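Here is the structure we will look at.
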Amino acid sequence: MTDTYHIPIISRGRIIPPGDGAVEFKGRGGATFITPDPHKHIHDLVLGNPVLLSDLQATPIRDIIDFLAEAGKRMRLDDNPYLQESFALALRAGGLAEPILRGVYEELPHMFDPSGMAALVDSTIGIEYLDGWVPSPAGPHCRLRAVGTRQLHITAGNVPVVAALTIVRGALTKSDILIKSPSNDPLTANAIMRTLIEIDANHPVVKHVAIAYWKGGDEYMDSQIVRTTRIDKITAWGGMSSMKNIQKFLTPGIDLTALNPKFSMTVIGKEALESEEAMDEAATGIAVISGFFNQTACSNTRLVYVESGTDDASLEKLDELGRKVVAAYTALPQQISTPAGKRNDDLEAELEAVSLEDEFYTVLGDTLTGGVVVSRFPDRVDFYEQLNNRVINIIPVENLLDVTKWCDDTTQTVGVYPESIRDRLLDPFALAGVQRLVPLEGGDPLRIFAVMQTLPPGMPHDGIEPLRRSVRWVIDHRPAGDVPPLNIAAE
Amino acid sequence: MNHSVADKVELSPERPEEWLQNGYEPLYELSWRDYENVQIAALKLRFERLRDSVAGLGKLAKREGITSADSVEDVLPLLFDHRIYKSYPLSIIEKRDVGRLNSWLDRLTTHDLSGVNLAGVNTVEGWLDRLDEFGMLVGHSTGTTGKLSFVPRSRTELPAWTRAYNEMTRSATDVDPATEHVETFFPGYRGGHHMMLKMLMLFNVPAAGGPEHYHTLYQTHIPADLSSLAGRMQAAEDRGELDKLGFDPALVEARNRLVEQAHNRERDLETWFGKLFEESRGKRVKLGGTAADLIRTARSGIAKDIRPEFGPGSFIMTGGGLKGMNDAPEDWEGFVKDYFGLDTIGMMYGMSEWMGGVGRCKAGDYHVMPHTIPILFDMDMKMLPRTGSQTGRFAFIDLLAQTYWGGFISGDQITIHWEEDCACGWKGPRIGPDIRRFSEMEGGDDKISCAGTAQTYNEFMDYISEV
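Residue numbers (numbering that gives the first Met the number 0), protein chains in the order written: chain P, 0 to 490; chain E, 0 to 466.
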């Protein structure tokens, strides 16, 4: 296995390999990255003059989609050497097991599906608004256009689809995007763009993508890039530290979309404990939503609130549910979830400590196969932020509406079982910060997973609409009665 | 067992708590290879006694299938880490369920805590007071992560603990705190059950010659309840629901006072040192405080051209390194000595969970005494060999612990030199001066992920963790 990875800078159709003056970064998993010194390539990364976006603006969405769709056909791990290289590195530096990462990569072509992309952009922005000036309902003297912007994307690397998502969204909003690659997936965005460059290095979409790796918190890079003259919008995935670094350079005029870390959960109604069948069905649903992608995603459940008392009989049922979840993990198909490659020592130590406290907690399973901590009183474990490796915490609550006190802007996805509890929770949960509720019923892991992963195009992300937010809405207000020139793209 | 060595300095495996009774010097003349077997024998006895009387240890031993401690390796799975000392649910503190907290702690000590009078107690601070009255000496941590750990020490350990602390001080400063009292100044809080403050009250006040000779920046301390609940109080306040949680108004009041105090700390510190310089001109003093406090004071003094003139034999006693300071002068000790006009900075290395903390030798290392069995782990928690110089995560068995289990895994990364060739002439395994948190060893990286949540940033805890 290679220890040293060459990570070129991708600059508007050009591939800048690490040559003289290249710099080294210690990557994750023992790998070393060699890249051109990003400090010396600021101008290759940013677009100082926004009017230079006119080539992309003049390209109809139809052409952009055709181009991306062509690229999508080549996003196959089997015969795309760029993807093979990024796959190997993501496997090593990231947190996903081989069969899962393979599954994620196999999804790539679908992200470039032409009808999906058309539906996405049309339902969120409206293609006509991107391709030309659209009269307002009040008449043609007042028109609107969605104009592309210059964006910095600090991407997350835990699931490599983020790289594809970012490139597709950038192109569909006719924007100029600069991607700062993450250390846990430094090559996927690179690989996708190299594939696009091979198709047409001069395509306007290609001309408006730059990708580089630099170390998070590099103040020189941040100070050079995060300027109103160079960047209009920032999309930042990830933790507090990356946010805090960026925030130092934020000024009015730069719009930050913070896709900050999320913490998802599941709520289970008392009906789930009333029969063996219901308990099995609930356990499978919990195992899927907690275990898919080996619990590395923001939408993975870590806390499971169950409508239950705390008397011995009720707690015994919760333990039983816990045992069923641990068993259900082992039955998950390997493209959804696998046992962990190695123990999580910190979490294991937490489990060991609380397992001595059987008055408060029951501990089942471990950090290799997955596990469950059942709280014997209505509160989550104090180390809930560390829950990982398919380990969850089951918490009894008298009334599921009490769960709102644990919800906030970080509560992204909530699994629900059975469906009969959904309607009474929906509105309070929505107000409390929850961003999405998903079903867990059916008992078939692949189906539950597929339903969870399949949203109609253009649905919001983390409670916001990133596409709408990444364009600038411009008004062309003329004297009433004035007739505007014919719109080229609207012909 | 090597009887000749054990006899010479009377290291009885029955009573490690008495090994120091002739001072540290004879112990530092012994090679660890000569008392290794006595340590194991002492460990075996400790384990036998504690296994049945410390419920938490008994349960862990049973689960791990360990019935006897015939080697250090035998007890590795039984070492506690900080999580064990805070494995209670935070919500029992929030609900002030002192009874459950008490029965939680009961499982970690040989003492029967069911006899503690808890009538009318509804704060952690009150609970710790009652434990002291009962004969315990429980100290808590700072709780920077929002949860306090409690180390279940008791008066049974006090004689050996006192001796160990005093000998540690003497070894690092050549001043015997048991006989040579020195007016002491400590720029921090006073009293309470925080382990470090508790130790200062137990050991440094007598060493100063009594409370009137021991001067602190503040005359109060941070109540344990506040350290523990600061995070939840902040969250409740943000929701406008602070009153809903039913906190004692006095606690809310104390919180506001402490936030105010923390804001003024730099100024207070300057005033306090200024007064100290004025009133102690020409007098012999002992200064405490963190390296950062001493450096800041020296810098601000130099800027204002204020210089202390202490009497001969004055010295500094500190520890903990440069925590929370990243712009320290390269030779900070020289800088501080020069400013304060002192020859000696006594340095110690220890932690709340360890009674066998050690003083720095003339060559700059920390020699471990026989009543501690030091252990190093690598990143995968495999024990490192006891040869040459090894760097890893520090764990130990504190044989001075008589009423609780002394096996503990710290969060520190240290280097131990097992060859006994220190320039100072002392023997025993010695710890090098480069001590850092284990988490730093794993290296910060900028992995970005959308999952999990960030640590709640809490301004208040940031202030008070500077104690």
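Note that CB positions come from ideal geometry on N, CA and C, so glycine has one too. Keep in mind it's a predicted model, so treat the numbers as computed, not measured.
query, result
"Residues of the segment 30 to 55 of chain P whose Cβ lies closer than 9 Å to any Cβ of chain B, in chain order", "Among the chains of the structure shown, chain B does not appear; the protein chains present are P and E."
"Sub-9 Å separation of GLU182 of chain E and GLY208 of chain E beta-carbons", "yes"
"Residue nearest to ARG32 of chain E in terms of C-alpha spacing, selected from E:GLY410, E:PRO222, E:ILE372 and E:MET378", "E:ILE372"
"Option in P:PRO59, P:VAL396 and P:ILE8 with minimal Cα separation from VAL266 of chain P", "P:VAL396"
"Three-state class that DSSP yields for HIS193 of chain E in the structure shown", "strand"
"The alpha helix (DSSP H) enclosing SER354 of chain P, as first and last residue numbers", "344 to 354"
"Secondary structure of TYR462 of chain E, DSSP reduced to three states", "Note that TYR462 of chain E has pLDDT 39, beneath the 50 cutoff, so the model's placement of it is unreliable and the number below is only indicative. In the structure shown, TYR462 of chain E sits in a helix (DSSP, three-state: H, G or I)."
"Nearest-angstrom Cα separation, counted from GLY288 of chain E out to MET316 of chain E", "8 Å"
"DSSP-derived helix/strand/coil call for TYR212 of chain P", "coil"
"Contact under 9 Å by Cβ, SER469 of chain P with GLN150 of chain P", "yes"
"Beta-ladder partner(s) of CYS141 of chain P, from DSSP", "P:HIS476"
"9 Å Cβ cutoff, ARG106 of chain E in contact with chain P", "yes"
"Neighbour flag for LEU355 of chain P against chain E, beta carbons, 9 Å", "yes"
"Assumed close pair SER148 of chain E, TYR84 of chain E - CB separation to whole angstroms, cut-off 8 Å", "4 Å"
"Sub-9 Å separation of LEU82 of chain P and ARG75 of chain P beta-carbons", "yes"
"DSSP beta-bridge partners of GLY314 of chain E", "Note on identity: in this sequence residue 314 of chain E is Phe, with Gly being the wrong assignment. Answer by DSSP bridge pairing, in chain order: E:LYS285 and E:THR343."
"Residues that ALA352 of chain P contacts on chain E, provided the C-beta gap is smaller than 7 Å", "ARG82, ILE83 and SER86"
"Members of the segment 104 to 135 of chain P near chain E, C-beta cut-off 9 Å", "none"
"C-beta contact flag for VAL284 of chain E and GLY318 of chain E at 9 Å", "no"
"Sequence-distant residues of its chain with Cβ nearer than 6 Å to SER313 of chain P (five each side left out)", "SER307"
"Chain-order list of residues whose beta-carbon lies under 6 Å from that of THR361 of chain P (same chain, five-residue window excluded)", "ASP318 and VAL373"
"Buried or exposed by the 16-neighbour rule on C-beta atoms within 10 Å, applied to GLY18 of chain P", "exposed"
"Interface residues of chain P facing LEU59 of chain E [CB-CB closer than 7 Å]", "LEU355"
"Within 7 Å of chain P by C-beta, residues of the segment 23 to 57 of chain E in sequence order", "GLY55"
"Residue span of the beta strand (DSSP E) that contains TRP353 of chain E, given as start and end", "353 to 358"
"Buried or exposed by the 16-neighbour rule on C-beta atoms within 10 Å, applied to TRP103 of chain E", "buried"
"Contact set for PRO478 of chain P: own chain, Cβ-Cβ below 7 Å, skip 5 residues either direction", "HIS140"
"Straight-line gap, TRP236 of chain P to GLN246 of chain P (C-alpha atoms, nearest Å)", "13 Å"
"Beta bridge counterpart(s) of SER153 of chain E as assigned by DSSP", "E:MET135"
"Cβ-Cβ separation, ALA155 of chain P to ARG11 of chain P (assumed contact under 8 Å), whole Å", "Between ALA155 of chain P and ARG11 of chain P the Cβ distance is about 24 Å, and since that is not below 8 Å, they are no contact."
"SER313 of chain P at chain E interface by Cβ criterion, 9 Å", "no"
"Partners in chain P for SER351 of chain E, counting only beta-carbon separations shorter than 7 Å", "Those do not exist, as SER351 of chain E stays about 17 Å from chain P at its closest Cβ, beyond 7 Å."
"Reference ASP217 of chain P; option with closest CA among P:PHE24, P:GLY125, P:ARG193 and P:ASN183", "P:PHE24"
"Residues near VAL97 of chain E in its chain [Cβ-Cβ closer than 8 Å; skip 5 each side]", "LEU117, VAL120, ASN121, THR122, VAL123, GLY125 and TRP126"
"Cβ-Cβ distance between LEU44 of chain P and LYS173 of chain P below 9 Å", "no"
"Beta-carbon contacts of ARG73 of chain P that lie in its chain and below 7 Å, excluding the five residues immediately before and after", "ASN79 and THR194"
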